Amino acid sequence: MDRWLLALASPKLSAVFFVIMAAGALWAKAPGHSATLAMLVPFSLLTLNLLAAIVTNRRFRADLPLLVFHLALLALAVTLVVARLTYFEGQAAVTVGTSFDGNLIAEESGPLHTRRVAELRFTNLGFAEHQPDRGRYRTTYNRIRWQSGDGRTQTADIGDDVPLVLAGYRIYTSRYRGFSPVFRWTAAAGTDEWGTVQLRDSNNGAFAGANDWTLPDGRTAWLMVDTDDPAAAREGAHVRTNLGAGGEAQRLILRIDDARHTLSPGDQLELAGGTLTYVRLDSWMGYRIVADPTRPWLLGAVALGVIALVWFYARIVFRPIPSAPSPT
Amino acid sequence: MTDLLQTELIAFWASVIAYSVATAAAIIGLVFRRDWPRLVLALLIGGWLLHTAAFGARWLRIGHLPVINTFEMLSANVWGLVAAVWLGYLLLPRVRAFAAFALPVVTMLMGWMMLIPMDESSLPPTYRTVWLFIHIAFLKIFLGAAFVALGIALITIFRQLGIGTAALARFPGDRELDATAYRCMALALIFDTLGIVAGAIWAQDAWGRYWSWDPLEVWSLVTWLAIGLTLHVRASFRTPPLTNSLLVTGTFVVAFFTFFGIPFVTTALHKGAI
Numbered sequence: 001m002d003r004w005l006l007a008l009a010s011p012k013l014s015a016v017f018f019v020i021m022a023a024g025a026l027w028a029k030a031p032g033h034s035a036t037l038a039m040l041v042p043f044s045l046l047t048l049n050l051l052a053a054i055v056t057n058r059r060f061r062a063d064l065p066l067l068v069f070h071l072a073l074l075a076l077a078v079t080l081v082v083a084r085l086t087y088f089e090g091q092a093a094v095t096v097g098t099s100f101d102g103n104l105i106a107e108e109s110g111p112l113h114t115r116r117v118a119e120l121r122f123t124n125l126g127f128a129e130h131q132p133d134r135g136r137y138r139t140t141y142n143r144i145r146w147q148s149g150d151g152r153t154q155t156a157d158i159g160d161d162v163p164l165v166l167a168g169y170r171i172y173t174s175r176y177r178g179f180s181p182v183f184r185w186t187a188a189a190g191t192d193e194w195g196t197v198q199l200r201d202s203n204n205g206a207f208a209g210a211n212d213w214t215l216p217d218g219r220t221a222w223l224m225v226d227t228d229d230p231a232a233a234r235e236g237a238h239v240r241t242n243l244g245a246g247g248e249a250q251r252l253i254l255r256i257d258d259a260r261h262t263l264s265p266g267d268q269l270e271l272a273g274g275t276l277t278y279v280r281l282d283s284w285m286g287y288r289i290v291a292d293p294t295r296p297w298l299l300g301a302v303a304l305g306v307i308a309l310v311w312f313y314a315r316i317v318f319r320p321i322p323s324a325p326s327p328t
Numbered sequence: 001m002t003d004l005l006q007t008e009l010i011a012f013w014a015s016v017i018a019y020s021v022a023t024a025a026a027i028i029g030l031v032f033r034r035d036w037p038r039l040v041l042a043l044l045i046g047g048w049l050l051h052t053a054a055f056g057a058r059w060l061r062i063g064h065l066p067v068i069n070t071f072e073m074l075s076a077n078v079w080g081l082v083a084a085v086w087l088g089y090l091l092l093p094r095v096r097a098f099a100a101f102a103l104p105v106v107t108m109l110m111g112w113m114m115l116i117p118m119d120e121s122s123l124p125p126t127y128r129t130v131w132l133f134i135h136i137a138f139l140k141i142f143l144g145a146a147f148v149a150l151g152i153a154l155i156t157i158f159r160q161l162g163i164g165t166a167a168l169a170r171f172p173g174d175r176e177l178d179a180t181a182y183r184c185m186a187l188a189l190i191f192d193t194l195g196i197v198a199g200a201i202w203a204q205d206a207w208g209r210y211w212s213w214d215p216l217e218v219w220s221l222v223t224w225l226a227i228g229l230t231l232h233v234r235a236s237f238r239t240p241p242l243t244n245s246l247l248v249t250g251t252f253v254v255a256f257f258t259f260f261g262i263p264f265v266t267t268a269l270h271k272g273a274i
């Protein structure tokens with residue numbers, strides 16, 4: 001057993017595992033490759049090698065900063081594994097004036113993640129995009145309302161890099177946003193049903209947002225915001241609220257089978273199963289929802305490792321260099 | 001605004017001239033065994049101060065730290081590398097010959113810089129954070145320390161290969177050069193670690209994930225592993241100076257590709273950043 005442990009602790013193996021890990025990282029970079037899969041083997045080997053070295057190599061016990069640095073590396077390795085097992089990442093889209101109801105467009109998570117995202121509730125109160133005088137990057141301010149743990153209503157502005165932290169989840173606005181026309185469907189029996197269709201992101205007005213949609217009577221329709229020049233952009237610094245929706249009358253193109261209709265707010269369309277009324281144009285905001293419960297532990301392990309590294313090398317860096325004679 | 005542009009251009013070109021003359025003086029001094037340490041140092045510090053003035057004028061003109069587009073990244077990296085060279089020149093007087101090996105790299109980068117339009121950049125909202133300064137500052141120190149180590153390692157390599165042996169004979173022995181380069185690489189490891197950690201904290205804050213496996217992150221991990229390998233091999237196997245010098249050179253090549261290759265072959269500096 002000792003022989004195996006000593007063999008595993010070999011510094012030669014450490015050097016080999018460094019190279020394998022670098023190769024794994026480069027492999028992980030290629031599209032379609034799983035970083036977790038790529039790093040699993042080299043990471044595990046390096047961790048075992050590190051553990052065996054700490055146990056068997058007397059130098060670690062004789063040098064406190066060296067020991068602390070390698071223990072911190074070990075803690076970091078363990079925490080990174082736990083992080084991969086417990087992380088969460090999801091995408092959602094919420095129309096202005098409505099609340100997130102737990103439905104996600106896409107999500108991925110570690111197998112040990114305790115999924116509580118469906119319990120999150122927040123309301124999108126509208127957003128503003130500030131375009132500076134120069135440059136192509138706009139800043140997003142999205143007003144959000146939610147109820148805190150004590151039942152009080154809270155509001156805050158979140159953005160692309162300013163999250164709302166709710167029950168351990170960090171909620172950011174994503175770069176995806178679009179129009180969301182509101183309709184009323186009056187069935188033949190006289191019952192009213194309200195709903196909205198989230199049109200696809202228009203890439204900041206580069207093209208008109210559109211989407212397919214199944215009407216309440218089961219037929220498929222295609223919907224697009226009718227703008228004369230979708231690429232027209234305002235020059236200079238300006239603020240755009242809710243993509244400009246709700247301001248002036250905005251027409252929609254609605255295509256059902258071969259029939260094409262142009263609707264303005266308030267227009268009604270008589271269909272076989274009922275009457276469709278285009279009420280108004282709203283907008284939706286995309287959100288990124290992420291969680292990483294290991295964050296404080298990761299930071300702690302890294303801080304400890306960095307302190308130990310500085311401690312270890314400070315003694316070497318500031319030690320006088322012994323002068324050696326020139327080779328000739 | 002025009003005044004600031006004028007100041008930037010004059011200071012920038014003056015710094016380019018000063019760096020070029022310093023490079024020529026360092027190489028001529030080495031080859032012809034004539035030492036002009038004061039001249040080289042004065043040109044380096046003078047050029048660097050002018051470059052700082054150009055950098056500052058650009059910062060004032062465009063309203064943010066000018067490290068965003070290709071020209072600005074190259075200029076900022078040249079600024080950092082020259083700072084490392086003159087600091088090394090001051091603090092390590094016995095190995096000043098390293099400047100003759102390191103400065104041609106700066107000249108090459110300046111040549112590249114001149115082929116790129118001096119466009120003004122715009123700052124993504126997620127870059128408006130103190131972590132941008134911390135992240136970049138740590139990585140500049142890392143690259144500077146590795147750059148000085150490269151210059152020192154190249155003295156050993158040239159000597160061992162028998163190139164310019166006579167000109168290089170008057171400098172300290174390989175063991176001393178190796179010990180000096182090792183110290184520089186230790187500093188490089190510390191500051192590369194700090195730079196990566198600062199970047200991860202920034203990414204976690206701004207984009208919700210500390211690591212995205214984008215090309216720059218992957219190559220910065222590879223660079224970190226290369227530095228770790230270089231230090232590990234020297235400490236564990238007591239390898240000869242030539243082996244260590246080759247490892248230092250290889251590590252710098254990886255770091256160079258990370259800094260100057262990856263940002264120019266990907267569409268964004270960091271995939272999740274913009």
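Residue numbers (UniProt numbering), protein chains in the order written: chain A, 1 to 328; chain B, 1 to 274. For every residue, glycine included, the Cβ atom is placed at its ideal position computed from N, Cα and C. These numbers come from a predicted model, not from an experiment.
Mark residue 375 of chain A as exposed unless 16 or more other C-beta atoms lie within 10 angstroms of its C-beta, in which case mark it buried. Here chain A covers residues 1 to 328 and nothing more, so residue 375 of chain A does not appear.
According to DSSP, which residues form a beta bridge with H238 of chain A? Working through the first sequence from its first residue, we reach residue 238 of chain A at position 238. According to DSSP, which records beta bridges pairwise, H238 of chain A is partnered with A:Q131.
Could you tell me whether any Cβ in chain B is nearer than 8 angstroms to the Cβ of A15 of chain A? The count along the first sequence starts at 1 and reaches residue 15 of chain A at position 15. Yes, its Cβ sits closer than 8 angstroms to a Cβ of chain B.
Less than 8 angstroms separating the beta-carbons of S180 of chain A and W284 of chain A? Against the first sequence, residue 180 of chain A aligns to sequence position 180. Against the first sequence, residue 284 of chain A aligns to sequence position 284. With respect to the 8 angstroms criterion, S180 of chain A and W284 of chain A are classified as neighbours on the basis of their beta carbons.
Buried or exposed, going by whether 16 or more other CB atoms sit within 10 Å of the CB of I105 of chain A? Counted from its first residue, the first sequence places residue 105 of chain A at position 105. Burial call: exposed.
Cα-Cα separation between A149 of chain B and R152 of chain A, rounded to whole angstroms: Working through the second sequence from its first residue, we reach residue 149 of chain B at position 149. Working through the first sequence from its first residue, we reach residue 152 of chain A at position 152. Looking at the two C-alpha atoms, the distance is approximately 59 angstroms.
Within 8 angstroms, strictly: CB atoms of L120 of chain A and G97 of chain A: As a first step, residue 120 of chain A is located in the first sequence; it is residue number 120 there, counting from the start. As a first step, residue 97 of chain A is located in the first sequence; it is residue number 97 there, counting from the start. Cβ distance not < 8 angstroms, so L120 of chain A and G97 of chain A don't count as in contact.
Going by C-alpha distance, which of A:T95, A:A118, A:R138 is nearest Y127 of chain B? Residue numbering aside, residue 127 of chain B sits at position 127 when the second sequence is read from its first letter. Minimum Cα distance to Y127 of chain B is reached at A:R138.
Nearest chain B C-beta to Y172 of chain A closer than 8 angstroms, yes or no? On the first sequence, residue 172 of chain A is found 172 positions in, with the first residue counted as 1. Judged by the 8 angstroms Cβ criterion, Y172 of chain A is in contact with chain B.
Within 8 angstroms of any Cβ in chain B, is that where the Cβ of G321 of chain A sits? Counted from its first residue, the first sequence places residue 321 of chain A at position 321. The displayed chain sequence assigns Ile, not Gly, to residue 321 of chain A. I321 of chain A counts as touching chain B.
Minimum C-alpha distance to A15 of chain A - residue among A:G266, A:R170, A:E193, A:L45: Counted from its first residue, the first sequence places residue 15 of chain A at position 15. Relative to the Cα of A15 of chain A, the nearest Cα in the group A:G266, A:R170, A:E193, A:L45 belongs to A:L45.
Give me the residue from B:I45, B:T7, B:W13 with the minimum Cα distance to A22 of chain B. Stepping through the second sequence from its first residue, residue 22 of chain B is reached at position 22. Of B:I45, B:T7, B:W13, the residue nearest in Cα terms is B:I45.
Taking the beta carbon of T214 of chain A as the centre, do at least 16 other beta carbons fall within 10 Å, making it buried, or is it exposed? What you label residue 214 of chain A is simply residue 214 of the first sequence in a count that begins at 1. Exposed is the call here.
Grab me the residues of P172 of chain B's own chain with a C-beta within less than 6 angstroms of its C-beta, minus the 5 sequence neighbours each way, in chain order. Position 172 of the second sequence holds residue 172 of chain B. Once the five neighbours on either side are set aside, the close Cβ partners of P172 of chain B are R94.
Would you tell me roughly how many angstroms separate the C-alpha atoms of W4 of chain A and W27 of chain A, rounded to the nearest one? As a working mapping, residue 4 of chain A is identified with position 4 in the first sequence. As a working mapping, residue 27 of chain A is identified with position 27 in the first sequence. W4 of chain A and W27 of chain A: Cα-Cα distance of roughly 30 angstroms.
Beta strand (DSSP E) containing L276 of chain A: first to last residue? Residue numbering aside, residue 276 of chain A sits at position 276 when the first sequence is read from its first letter. First-last of the beta strand (DSSP E) with L276 of chain A: 274-291.
Kindly give me the distance between the Cβ atoms of A153 of chain B and V248 of chain B, rounded to whole angstroms, as I take these residues to be in contact under 8 angstroms. Here the question's residue 153 of chain B lines up with position 153 in the second sequence. Here the question's residue 248 of chain B lines up with position 248 in the second sequence. Sure, about 4 angstroms apart at Cβ, within 8 angstroms.
Can you give me the Cβ contacts of V16 of chain B inside the same chain, cut-off strictly under 6 angstroms, excluding the 5 residues immediately before and after it? Here residue 16 of chain B refers to the residue found at position 16 of the second sequence. Hits under 6 angstroms: M110.
Beta-carbon spacing of T7 of chain B, A76 of chain B below 8 angstroms: On the second sequence, residue 7 of chain B is found 7 positions in, with the first residue counted as 1. On the second sequence, residue 76 of chain B is found 76 positions in, with the first residue counted as 1. No, the Cβ-Cβ distance between T7 of chain B and A76 of chain B is not below 8 angstroms.
Whose Cβ in chain A lies nearer than 7 angstroms to the Cβ of V197 of chain B? For the purposes of this step, residue 197 of chain B is identified with residue 197 of the second sequence, where counting begins at 1. What V197 of chain B touches in chain A: V302, V306.
Report all residues from its chain with a CB closer than 7 angstroms to the CB of L123 of chain B; omit the five preceding and five following residues, and keep chain order. Here residue 123 of chain B refers to the residue found at position 123 when the second sequence is read from its first residue. Excluding five sequence positions before and after L123 of chain B, the CB atoms of its chain that fall closer than 7 angstroms to its own CB belong to H64, I68, given in chain order.
Cutting at 6 angstroms between CB atoms, please list the residues of its own chain near E89 of chain A, excluding the five before and the five after it. One-based indexing of the first sequence puts residue 89 of chain A at position 89. Here the set comprises E108, V290.
Any contact of the segment 211-221 of chain B with the segment 307-314 of chain A, i.e. 3+ C-beta pairs under 8 angstroms? Taking 8 angstroms as the limit for Cβ pairs, the verdict is that the segment 307-314 of chain A does not touch the segment 211-221 of chain B.
Alpha-carbon spacing of G29 of chain B relative to W36 of chain B, whole angstroms: As a position in the second sequence, residue 29 of chain B is number 29, starting the count at 1. As a position in the second sequence, residue 36 of chain B is number 36, starting the count at 1. Approximately 7 angstroms between the Cα atoms of the pair.
Test: P65 of chain A CB closer than 8 angstroms to a CB of chain B: Position 65 of the first sequence, counting from 1, holds the residue named residue 65 of chain A. Answer no: the Cβ-Cβ gap between P65 of chain A and chain B never drops below 8 angstroms.
Inter-residue Cα distance where the pair is P293 of chain A and L85 of chain A: Here the question's residue 293 of chain A lines up with position 293 in the first sequence. Here the question's residue 85 of chain A lines up with position 85 in the first sequence. Straight-line Cα distance between these residues: approximately 10 angstroms.
Residues, ordered as in the chain, of the segment 153-172 of chain A that lie near chain B by beta-carbon distance below 8 angstroms: G159, D160, D161, P163, R170, Y172
8 angstroms contact criterion, which L6 of chain A and T47 of chain A should meet: CB distance rounded: Counted from its first residue, the first sequence places residue 6 of chain A at position 6. Counted from its first residue, the first sequence places residue 47 of chain A at position 47. Contact doesn't hold; Cβ gap of about 17 angstroms is too wide.
For G208 of chain B and L263 of chain A, the rounded distance between their alpha carbons: Residue numbering aside, residue 263 of chain A sits at position 263 when the first sequence is read from its first letter. Residue numbering aside, residue 208 of chain B sits at position 208 when the second sequence is read from its first letter. If you take the alpha carbons of L263 of chain A and G208 of chain B, they lie about 40 angstroms apart.
If you measure between the beta carbons of L231 of chain B and L177 of chain B, is that distance less than 8 angstroms? Here residue 231 of chain B refers to the residue found at position 231 when the second sequence is read from its first residue. Here residue 177 of chain B refers to the residue found at position 177 when the second sequence is read from its first residue. Result no, Cβ atoms of L231 of chain B and L177 of chain B do not sit closer than 8 angstroms.
Around the C-beta of A189 of chain A, are 16 or more other C-beta atoms found within 10 angstroms, so that it is buried, or is it exposed? The sequence position of residue 189 of chain A within the first sequence is 189, counting from 1. Exposed.
Y172 of chain A beta carbon less than 8 angstroms from that of V117 of chain A: Stepping through the first sequence from its first residue, residue 117 of chain A is reached at position 117. Stepping through the first sequence from its first residue, residue 172 of chain A is reached at position 172. It is not a contact, given that the beta carbons lie outside the stated cut-off.
Measuring alpha carbon to alpha carbon, tell me which residue in B:V85, B:A235, B:P263 is nearest A42 of chain B. The sequence position of residue 42 of chain B within the second sequence is 42, counting from 1. The shortest C-alpha separation from A42 of chain B is found at B:V85.
So does the segment 145-164 of chain A actually touch the segment 269-286 of chain A, counting three or more Cβ pairs closer than 8 angstroms? Contact annotation: the segment 145-164 of chain A does not touch the segment 269-286 of chain A, with fewer than three C-beta pairs closer than 8 angstroms.
List, in order along the chain, the chain B residues whose C-beta lies closer than 7 angstroms to that of A25 of chain A? On the first sequence, residue 25 of chain A is found 25 positions in, with the first residue counted as 1. Result: V218, L221, V222.
Taking its Cβ as the centre, do 16 or more other Cβ atoms sit within 10 Å of D133 of chain A, making it buried, or is it exposed? What you label residue 133 of chain A is simply residue 133 of the first sequence in a count that begins at 1. The residue in question, D133 of chain A, is exposed, as its Cβ has fewer than 16 Cβ neighbours within 10 Å.
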